[in-house]
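Working notes, beginning with the structure itself.
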Amino acid sequence: MSDLGRIFAKGNSASRVGGGILTILLVGIALGVIFWGGFNTGLEYTNRMEFCLSCHEMRIPYEEYKKTVHYNNRAGQQVTCSDCHVPGSKTPGDYTRKFVRKIEASRDVWGHLTGSIDTKEKYEAKRKIMAEREWERMKSHDSTECRNCHKFERMDPEKTKKRARIKHEEAVEEKMTCIDCHKGIAHKPVHLEEGEGESGEKQEGESGEKPAKPDEKA
Amino acid sequence: MSKSVVSLSVLALAVTVAWNATAGPPDWGKVPAKKIPMFYPGQASYEWAMTKADHSAANQVIEKGRGCAYCHDEDATDIGKKVVAGKPVGNKKKPLEPTPPAGKAGFIPVSVQAAHDGEKLYLRFEWEDTNDSGGKKLDPKNEEKVTVLLDAGGVDGAKLNGCWSTCHNDLRSMPDASDAAKKHAKAKALGWEDGVTKYVKESRTAISMEESPRGGWDKLKPDAEIDAALKAGKFYDLMQYRSGKGEKPADGYVLEARHMDGGKSLTKAEGKMEEGKWVVVFERTLAASGTGKHKIEAGKLYNVGFAIHDDYAAARFHHVSLGYTFGLDNPKADFNAVKQ
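For the protein sequence lines, the chains are A and B, in the order given. First residue of the first sequence? That's 1 in this note's numbering, and the numbers climb one at a time after it. First residue of the second sequence? That's 219 in this note's numbering, and the numbers climb one at a time after it.
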């Protein structure tokens, strides 16, 4: 009998070791699946809007977002906090960025515990810094979160306003990224407050008004 | 009566009949009409439109030579509606009308026709009367005024912006209007009783585009240079219809100020309101007679902008057109006056 055969043959000490290894392997795989699945499920749990809103500080940007087309629109598409603020899982690169983002987000927990923006006044004082941080993050990977849903090539020219068509053609030509122009889409356009000359334009949708109205283009 | 006298009379009669058969206003039913939006611009001055911080496409206007209509022919009406309501617009999302006139239309769709008979140009404007807003009558004498500003290639920017080159941030009723203008040494000569009137930058030594006060109302070039600019055709030819009883039409030009007279080319500017529609017809000689007039000839492309001072409006409270080209028997022009 070969060594291998001895390990798996019943009734001898080698087979008990082999059976043990197999059991450990199978249990390990099962635990691995449970852990990895559980871990990612937990991670996704922290992407839910309810989770974000469990910190009262997030009520301020939430109320602003509710007035926009990303909250309410004709087709009922809803884009939640993590759709813009957390990278997705579509590519390994994205997944890695998500992981890193989640680690960075532990700073938010610390901020919550120390009351960094726990009043309206404190929030407003830090609004610009927080916004700039987000704009830079989005720009650094070419507005991937926007492009997960919006693609230049899929913008139907017959349904797009002429001015938007011209602007997007320019954006493609000049290799611009979405956040270069579309700041203040879902929250207060803080980039406009000091009258800065940076190219920034709120995407207003068909109605261009708040409160949120049905988006005829959606 | 002698035979020669009779023959001469018959000849004179024949010429008169023939003359009237070919000359005179055209059959407007046969002249193609173009419908354009005329929208409320608020305080959107030339300086505003040419500054990227205010108007995100300013660099495209300069770098790519894009006229206003290139982007705005489809949304001028939306813009007019927002501006007249005092809503935020532009790159900085700020209102362009600090005192929104209640009940005023955001835009007026106007049908424009152009024709000529070899001697005269005929322009016809037709639009549906807007509701009387009941607001303050800024010009109580004239319920409606229609203005045509025509450039023959001499004014910088006119090719892209129509008449916007005349509109500055320091005109009367604009954000940088100066009280000192009424006391200026040349105030009377330039017609600045109510403040600075339209001018083109060819009459100024400098214009401040971004730094307040924007514009250059008081940086007048010496008279000799302004005369030279006039001779070189660097001005807008101006015609204005006024609806008030007894009000005479204006036949002038815009260079260092708005001159409402001096021209001798406008032969008629008549209008009436019938069944809810205003119809205004201008008739002017193709030849340039008087001061500040452009000769209108075939083979040339002119730049043109229109305005309607609707509902007793004055100053900036008018509805304006985007910039268009105009020509005589020129199919390349947006408004092509065809011989009738």
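Glycine included, each C-beta is placed from N, C-alpha and C at the ideal position. Since the model is a prediction, treat every value here as computed from it, not as a measurement.
Asked                                                                                                                                                                                    : Found
With three or more beta-carbon pairs closer than 8 Å as the criterion, would you say the segment 291-310 of chain B touches the segment 250-262 of chain B?                              : yes
State yes or no: is the beta carbon of residue 197 of chain A nearer than 8 Å to at least one beta carbon in chain B?                                                                    : Below a pLDDT of 50, predicted positions are generally treated as unreliable, and residue 197 of chain A, at 37, falls in that range; no measurement from the model is reported.
Return the first residue and the last residue of the alpha helix (DSSP H) that residue 179 of chain A is part of.                                                                        : 178-181
Measuring CA to CA, which of B:303, B:262, B:305 and B:325 is closest to residue 291 of chain B?                                                                                         : B:325
Is the Cβ of residue 189 of chain A closer than 8 Å to any Cβ of chain B?                                                                                                                : yes
Quick one: does residue 273 of chain B have its CB under 8 Å from some CB of chain A?                                                                                                    : no
So which of B:410, B:367 and B:488 has the shortest CA-CA distance to residue 390 of chain B?                                                                                            : B:410
At the level of alpha carbons, what is the spacing between residue 224 of chain B and residue 556 of chain B?                                                                            : 38 Å
First and last residue of the beta strand (DSSP E) that includes residue 140 of chain A?                                                                                                 : Taken as a continuous stretch (DSSP letters only), residue 140 of chain A belongs to no beta strand (DSSP E), being part of the alpha helix (DSSP H) at 120-140.
Going along chain A, which residues have a C-beta under 8 Å from residue 292 of chain B?                                                                                                 : 161, 162 and 163
Taking any Cβ of chain A, which residues in the segment 301-322 of chain B have a Cβ under 7 Å from it, in chain order?                                                                  : 309, 310 and 311
Return the Cβ separation of residue 189 of chain B and residue 310 of chain B in integer angstroms, given the expectation that the two are a contact with Cβ distance under 8 Å.         : Chain B is shown only over 219 to 558; residue 189 of chain B falls outside these bounds and no answer can be derived.
Enumerate in chain order the residues of its own chain whose CB-to-CB distance from residue 351 of chain B is below 7 Å, with the five nearest sequence positions on each side excluded. : 319, 320, 321, 322 and 529
Check the C-beta distance from residue 330 of chain B over to residue 251 of chain B and give it rounded, since I have them as a contact under 8 Å.                                      : 7 Å
Going by other Cβ atoms of all chains shown within 10 Å of its Cβ, with 16 needed for buried, is residue 261 of chain B buried or exposed?                                               : buried
Within its chain, find whatever has a CB closer than 6 Å to the CB of residue 408 of chain B; leave out the 5 residues flanking it on each side and keep chain order.                    : 475
How many whole angstroms separate the CB atoms of residue 139 of chain A and residue 177 of chain A, which I take to be in contact at a CB cut-off of 8 Å?                               : 6 Å
List, from N- to C-terminal side, the beta strand (DSSP E) runs of 3 residues or more that fit wholly inside the segment 292-341 of chain B.                                             : 325-334
Is any beta-carbon of chain A found at less than 8 Å from that of residue 542 of chain B?                                                                                                : no
State the Cα-Cα distance for the pair residue 359 of chain B and residue 485 of chain B, rounded to the nearest angstrom.                                                                : 22 Å
Which same chain residues end up closer than 6 Å to residue 345 of chain B when comparing Cβ atoms and leaving out the 5 residues on each side of it in sequence?                        : 326, 328 and 496
Could you list which residues in chain A have their beta carbon closer than 9 Å to that of residue 289 of chain B, in chain order?                                                       : 162, 163, 166 and 167
Just list the residues that DSSP pairs residue 522 of chain B with in beta bridges.                                                                                                      : B:368 and B:542
Is the separation between the beta-carbon of residue 551 of chain B and that of residue 519 of chain B shorter than 8 Å?                                                                 : yes
Where are the beta strand (DSSP E) runs, 3 residues long or more, that stay fully inside the segment 376-419 of chain B, in chain order?                                                 : none
Give me the residue from B:461, B:417, B:499 and B:424 with the minimum Cα distance to residue 471 of chain B.                                                                           : B:417
State yes or no: is the C-beta of residue 160 of chain B within less than 8 Å of the C-beta of residue 525 of chain B?                                                                   : The requested residue 160 of chain B is not part of the displayed model; chain B covers only 219 to 558.
If you follow the alpha helix (DSSP H) that residue 111 of chain A is in, where does it begin and where does it stop?                                                                    : 106-114
Taking only beta-carbon atoms, is residue 192 of chain A less than 8 Å away from chain B?                                                                                                : yes
Using the beta-carbon count (16 or more within 10 Å), is residue 187 of chain A buried or exposed?                                                                                       : buried
Can you say whether residue 477 of chain B is buried or exposed, counting buried as having 16 or more other CB atoms within 10 angstroms of its CB?                                      : buried
By how many angstroms is the C-alpha of residue 245 of chain B removed from the C-alpha of residue 493 of chain B?                                                                       : 20 Å
Taking the alpha carbon of residue 508 of chain B as the reference point, which residue from B:374, B:538, B:448 and B:521 has its own alpha carbon closest?                             : B:448
How long is the line joining the alpha carbons of residue 362 of chain B and residue 451 of chain B, rounded to whole angstroms?                                                         : 29 Å
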